[in-house]
Amino acid sequence: MTKRKNIKPKIAIIGLTSCEGCQFVMLDQGRRFLDWLAKVQLEEFRLVEDEPILAEHYDICFVEGNPVTKANIKLLKEMRCRSDKLVVVGNCAALGGVWELKNYASKTRAIKAVYKKLKVANPDIKEVDNFVKVDYVIPGCPIDGDEFIELANQLLKKGSFRIPQNPVCYECQSRGYQCLLQQEEICLGPITLGGCKAVCLKSKQACWGCRGLFDGAQVENFMNYLLKHFSREQVYRIMEVFGARDTILKRLEEMQGKKNRKFGKSKVNKIDNKIKKLK
Amino acid sequence: MKIQINHIGKMEGHADFVAEILKGDVQSAKLITTEGARLIEGILIGRHFKEAPIITSRICGICPVVHKLSSIKAIENAFEIRPSQQTVKLRKLINLAQIIHSHALHLFFLSLPDFFNIENDLNFVKKYPKETQCAINTRQWALKIIEVVGGRAVHPIACEVGGFKVLPEKNELKNLADQYEVVLKNALGLANFVISIKYPKFSRPTTFVSLTNSKEYALYDGDIKIFPSASQSRIIKAEKYTQNIKEIEEPYRAAKSATLDGEPFMVGALARINNNWQQLNPLAKGLLKGMNWQLPQYNTFENITAQAIEIIHCLEEAKKILRDLLSDSSSLRMGRLGGGKSKEDARLSLNLIAGANPLSCETVGVDAIEAPRGTLYHHYKIDKNGYLTNCNIITPTVSYLKNLEQDVLAYIPNVMKLNPKKRAIKIRALIRAYDPCIACATH
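Here it is as structure tokens:
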């Protein structure tokens, strides 16, 4: 019995600055989550235990939230050093979270609206992969419970996972939900990574891209389409709410860059102008 | 001498505790929040009103429903619009479910192990499998309600200003209603377990604040009832809350705290029961009577018992609403504003969906709702085009933070003789009995 215990992988689940909703999605799986926990040696999860004593080594560390305070950054780097695999969980860690909105407006205005005297950390919000190497991402705001259990099990079994690279539209259509793009709403479903069962579309809420882009997303075509039907400001506002705007524009630039090499110079100038306009 | 407890676990968000003791007298007790500030009120400025409920629900992963509802209600108050009866019922239903699942989580997984000298929940779960199942079953039912009505348990989607984007199917509501008796049995199992525990003796008179409402045990709306220890209780209008309740900044934490007329005050399950216990549903009232409390109850450890009683009350209330929604055999109707009959109502609805401010002028809206941990306020100023120009949110944990510190200050002498480890366990237990949500407090 003790021998079997020893081979259980050592797990940490840590939270940086966030609403902790993704950790509650895990707990909300109830019995399923407890069953998963039985397969691992849970070394660090402050929602179930006091007195954190960091272990020397973890097989997998799940990181939820965004590094906002110095202590957040220190803990994140410390956990990276001690962990074989680092998995970021949720939109805050992967894309910045809704608080990244202040990057797009004014962070000085944001803090002045909240505090009169107090000085608190007010950095630009940056995704976890700006601080440490990230091995895997479980996306979403919040994460999907079924997907978490599935991916967490795959991690234990195979040591890795890959989310099928399909857009949200794929699940939206297969479930027969109404297409909101066709109803003249801005919906980022065509370029956003699926796996969420198109849960927002089920409630007739357009996709605002909380899970980030999938590999192979036709970002340029889609942007062209959106800008034909909506103002740039409208499109950007929607992309900003879940911190996706910077990622989408970066991917667009990369795609344009590749094209430049392929098509020669006249095309380059055209695309450059387009990017300038988008910015 | 200093008592320092770093990284208090098993609560929402991050905090440390420090007390300074000079010659046997406790000089100060501070809960130092270490959560990063997300500046939610700041980032809302310049955002459109339709985004506000989506953004503010991200304040808290355990009570997103109340943030969403309060945000929606504040905007509706600003626009002077009233949702349909059916919309209000559905909202009340998910608010009840929110309180049930938050309380069940806090009681069983965060607080109770403290009174069994078990530090790790997983050991607690192993030792009490039957009670664990009661807690899980109760929670899962409540989560399912939010999923069915709101579209998702954490950060629900379907509710919006004016009503719901989509409505639940009647058969889904019926399934939930059919499970009621079994869930109630589980919840009573949990509640009786909670009630059977002997909590530490402690008492410190304070002022209890909660919503109150002549029609029912106030959770979804009402006026503010202030119940001081030394004088008669009084009632003020919710939108006038700023006259008495003030937020203050303190140098040792990013979370603000609040005072009522300059004094600490208590909100949450214990405050609600002390203020409005006469309106509890029969089973819940029966549990309370069985406790033989002398009311008001000033032992904050009993906040845990109060939460258990509220779980039963909320279940009974949810049953009433489900029965009511199911009494009519036709399916639910898309809840239109007013009564949805006049042309004016239809025009208003369409405008709202398009994102227009129906008043076409700058307007202010305030809402107060009972969140699991106490009264929550959302307060917005909206410009003529529907964009937020100012915003204030006071969460329950902000409200009771000073009261919590006063309680610990008064409690420390009771545990001074214990060794540091045992003393820390006792102090943590009192802090956790409040069910603090530091993520909410810092927002």
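Those protein sequences? They're chains X and H, same order as listed.
For the first sequence, our numbering assigns the number 1 to the initial residue and increments by one for each residue that follows.
For the second sequence, our numbering assigns the number 1 to the initial residue and increments by one for each residue that follows.
Even glycine gets a Cβ: it sits at the ideal position worked out from N, Cα and C.
As the structure is a computational prediction, the values presented were derived from the model and not from experiment.
Separation of residue j from residue i, as counted between CA atoms
i: valine 209 (chain H); j: valine 120 (chain X); result: 30 Å
i: phenylalanine 17 (chain H); j: glycine 36 (chain H); result: 17 Å
i: glutamine 4 (chain H); j: valine 161 (chain H); result: 45 Å
i: tryptophan 99 (chain X); j: glycine 163 (chain H); result: 26 Å
i: proline 167 (chain X); j: leucine 101 (chain X); result: 24 Å
i: valine 268 (chain X); j: alanine 206 (chain X); result: Bear in mind that a pLDDT of 49 at valine 268 (chain X), under 50, signals an unreliable position, so the model cannot answer this.
i: leucine 188 (chain H); j: serine 196 (chain H); result: 12 Å
i: asparagine 392 (chain H); j: valine 149 (chain H); result: 28 Å
i: isoleucine 100 (chain H); j: alanine 441 (chain H); result: 21 Å
i: arginine 91 (chain H); j: aspartate 261 (chain H); result: 32 Å
i: glycine 97 (chain X); j: leucine 388 (chain H); result: 20 Å
i: serine 329 (chain H); j: lysine 89 (chain H); result: 16 Å
i: lysine 23 (chain H); j: lysine 30 (chain H); result: 18 Å
i: aspartate 514 (chain H); j: lysine 50 (chain H); result: Since the first and last residues shown for chain H are 1 and 443, residue 514 (chain H) lies out of range.
i: leucine 69 (chain H); j: isoleucine 54 (chain H); result: 10 Å
i: isoleucine 235 (chain H); j: phenylalanine 301 (chain H); result: 26 Å
i: isoleucine 436 (chain H); j: proline 64 (chain H); result: Looking at the sequence shown, residue 436 (chain H) is not isoleucine but proline. Looking at the two C-alpha atoms, the distance is approximately 15 Å.
i: arginine 253 (chain H); j: glutamate 12 (chain H); result: 16 Å
i: lysine 237 (chain H); j: arginine 152 (chain H); result: 33 Å
i: glutamate 119 (chain H); j: histidine 106 (chain H); result: 15 Å
i: valine 408 (chain H); j: tyrosine 236 (chain X); result: 48 Å
i: leucine 76 (chain X); j: glutamate 131 (chain H); result: 36 Å
i: serine 174 (chain X); j: arginine 32 (chain X); result: 27 Å
i: leucine 167 (chain H); j: leucine 176 (chain H); result: 15 Å
i: glutamate 254 (chain X); j: tyrosine 377 (chain H); result: 45 Å
i: alanine 424 (chain H); j: asparagine 117 (chain H); result: 12 Å
i: isoleucine 226 (chain H); j: serine 233 (chain H); result: 5 Å
i: histidine 103 (chain H); j: alanine 354 (chain H); result: 37 Å
i: glutamine 406 (chain H); j: glutamate 263 (chain H); result: 10 Å
i: aspartate 121 (chain H); j: isoleucine 21 (chain H); result: 31 Å
i: alanine 306 (chain H); j: serine 111 (chain H); result: 13 Å
Close-in-space but distant-in-sequence residues of the same chain around residue i (CB under 8 Å, 5 per side omitted)
i: tyrosine 170 (chain X); result: Gly194
i: tyrosine 217 (chain H); result: Arg272, Asn276, Gln279, Leu280, Asn281, His313 and Glu317
i: aspartate 28 (chain X); result: Gly145
i: threonine 259 (chain H); result: Ile245, Lys246, Ile248, Phe265 and Lys402
Nearest-angstrom beta carbon gap, residue j and residue i [assumed within contact, 8 Å]
i: serine 71 (chain H); j: threonine 56 (chain H); result: 4 Å
i: threonine 33 (chain H); j: isoleucine 438 (chain H); result: 5 Å
i: glycine 140 (chain X); j: cysteine 200 (chain X); result: At roughly 10 Å, the Cβ-Cβ gap does not stay under 8 Å, so glycine 140 (chain X) and cysteine 200 (chain X) are not in contact.
i: tryptophan 141 (chain H); j: glutamine 179 (chain H); result: 6 Å
i: methionine 239 (chain X); j: arginine 232 (chain X); result: Contact doesn't hold; Cβ gap of about 10 Å is too wide.
i: isoleucine 43 (chain H); j: alanine 110 (chain X); result: 5 Å
i: phenylalanine 161 (chain X); j: isoleucine 191 (chain X); result: Incorrect: roughly 22 Å between the Cβ atoms, too far for contact.
i: isoleucine 8 (chain H); j: histidine 443 (chain H); result: The Cβ separation is near 19 Å, so there is no contact.
i: glutamate 49 (chain X); j: lysine 10 (chain H); result: 7 Å
i: leucine 332 (chain H); j: lysine 165 (chain H); result: Actually they are not in contact, since the Cβ atoms of leucine 332 (chain H) and lysine 165 (chain H) sit about 13 Å apart, beyond 8 Å.
7 Å CB neighbourhood of residue i in its chain, flanking five on each side removed
i: alanine 105 (chain X); result: none
i: cysteine 22 (chain X); result: Glu64, Val89, Gly90, Pro142 and Ile143
i: alanine 356 (chain H); result: Gly386
i: asparagine 103 (chain X); result: Asp124 and Ile125
i: leucine 287 (chain H); result: Ala191, Ile195, Ile309 and Ile312
Neighbourhood of residue i by C-beta, 6 Å cutoff - its chain only, sequence neighbours within 5 removed
i: alanine 12 (chain X); result: Glu43, Glu44, Tyr58 and Cys61
i: arginine 82 (chain X); result: His57 and Tyr58
i: methionine 266 (chain H); result: Thr206, Phe208, Tyr400 and Asn403
i: alanine 410 (chain H); result: Arg204
beta-carbon residue i near the ligand NAD non-hydrogen atom, thresh 7 Å
i: threonine 56 (chain H); result: Looking at this structure, you won't find the ligand NAD or any other ligand, since it has none at all.
Chain B within 8 Å of residue i, Cβ atoms only
i: leucine 39 (chain H); result: Within the model displayed, chain B is absent; protein chains X and H are what it includes.
Exercise for the section: Closer than 8 Å, Cβ to Cβ, to anything on chain H: give me those residues from the stretch 77-111 of chain X, in chain order. Expected result: Gly97, Val98, Trp99, Leu101, Lys102, Ala105, Lys107, Arg109, Ala110 and Ile111
Handout entry: Contact list for the stretch 155-174 of chain H against chain X, Cβ threshold 7 Å
Key = His155, Ile157, Ala158, Lys165 and Val166
Handout entry: Contact residues within the stretch 126-142 of chain X, judged by C-beta distance below 7 Å to chain H
Key = Cys141 and Pro142
Handout entry: Interface residues of the stretch 159-185 of chain X facing chain H [CB-CB below 8 Å]
Key = none
Handout entry: Members of the stretch 198-215 of chain X that neighbour chain H once the beta carbon cut-off is set at 9 Å
Key = Val199, Cys200, Lys202, Ser203, Lys204, Gln205 and Trp208
Practice task
Could you list the residues in the stretch 404-434 of chain H with a C-beta less than 8 Å from some C-beta on chain X, going in chain order?
Solution key: Arg428
Exercise for the section: Report yes or no: do the stretch 72-80 of chain H and the stretch 127-140 of chain X share at least 3 C-beta pairs separated by less than 8 Å? Expected result: no
Handout entry: Touching by the beta-carbon criterion (3+ pairs, under 8 Å), the stretch 177-194 of chain X and the stretch 150-162 of chain X
Key = no
Problem - Where the stretch 375-409 of chain H meets chain X: residues whose CB sits under 8 Å from a CB there - result: Asn390 and Cys391
Problem - Members of the stretch 8-24 of chain X that neighbour chain H once the beta carbon cut-off is set at 9 Å - result: Gly15, Leu16, Thr17, Ser18, Cys19, Glu20, Gly21, Cys22, Gln23 and Phe24
Handout entry: the stretch 171-185 of chain H in contact with the stretch 128-148 of chain H per 3-pair CB rule at 8 Å
Key = yes
Practice task
Output, in sequence order along the chain, the residues in the stretch 90-103 of chain H whose CB is closer than 9 Å to any CB in chain X.
Solution key: His101
Problem - Residues of the stretch 359-374 of chain H with Cβ closer than 7 Å to any Cβ of chain X, in chain order - result: none
Exercise for the section: Output, in sequence order along the chain, the residues in the stretch 108-130 of chain H whose CB is closer than 8 Å to any CB in chain X. Expected result: Phe109, Leu110, Glu119, Asn120, Asp121, Leu122 and Val125
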